[in-house]
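Numbered according to the working numbering, the sequence shown spans residues 1 to 89.
Okay, structure first, notes after.
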Amino acid sequence: MTSKNTELERLKAASITDRMRQARTPDRYGKGSAAPSRREQRRLDQAQGLVPFAVKLPAELVSRVRALAEGRQEPLNETVAALLEKGLS
């Protein structure tokens, strides 16, 4: 009988875990709106003309760029875009 109880508890845990995975991201900081899904975000980015651009950079350089973005209090994407514009002009 104990193996049946163990199996029942295992199935309950699996059910709870599955429901947690499928749940939407909760509202954060009282803003009342959850982050857009990946599909929605991709559509919004495409509407703005944004494309993914992956590069490999030295860790030191990435740390400096992140620090610069934090200092400017702007998103990392905007900081990198500004640096690239400045470097290419």
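Beta carbons: idealized from backbone N, C-alpha and C, even for Gly.
Here the structure is a predicted model, which is why all the values come from computation and not from measurement.
For residue i, which residues in the same chain have their Cβ closer than 6 Å to its Cβ, ignoring the five residues on either side in sequence?
i   : result
Q46 : none
Locate the alpha helix (DSSP H) running through residue i, then write down its first and last residues.
i    : result
V65  : A59 to R72
S47  : The sequence shown places Ala at residue 47, not Ser. Residues R38 to A47.
A148 : The chain is shown from 1 up to 89; residue 148 falls before or after that span and cannot be answered.
Kindly list the residues whose CB is nearer than 8 Å to the CB of residue i, restricted to its own chain and excluding five residues on each side of it in sequence; keep chain order.
i   : result
L76 : V65, R66 and A69
D18 : none
When the Cα atoms are used, what is the spatial distance from residue i to residue j?
i   : j   : result
L84 : E78 : 10 Å
L8  : M20 : 19 Å
K56 : V62 : 10 Å
L13 : T6  : Note that residue 13 is Ala in the sequence shown, not Leu. Roughly 11 Å separates the two Cα atoms.
A35 : R43 : 14 Å
Keeping to the same chain, check which residues put their C-beta closer than 7 Å to that of residue i; ignore five residues upstream and five downstream.
i   : result
R72 : T79
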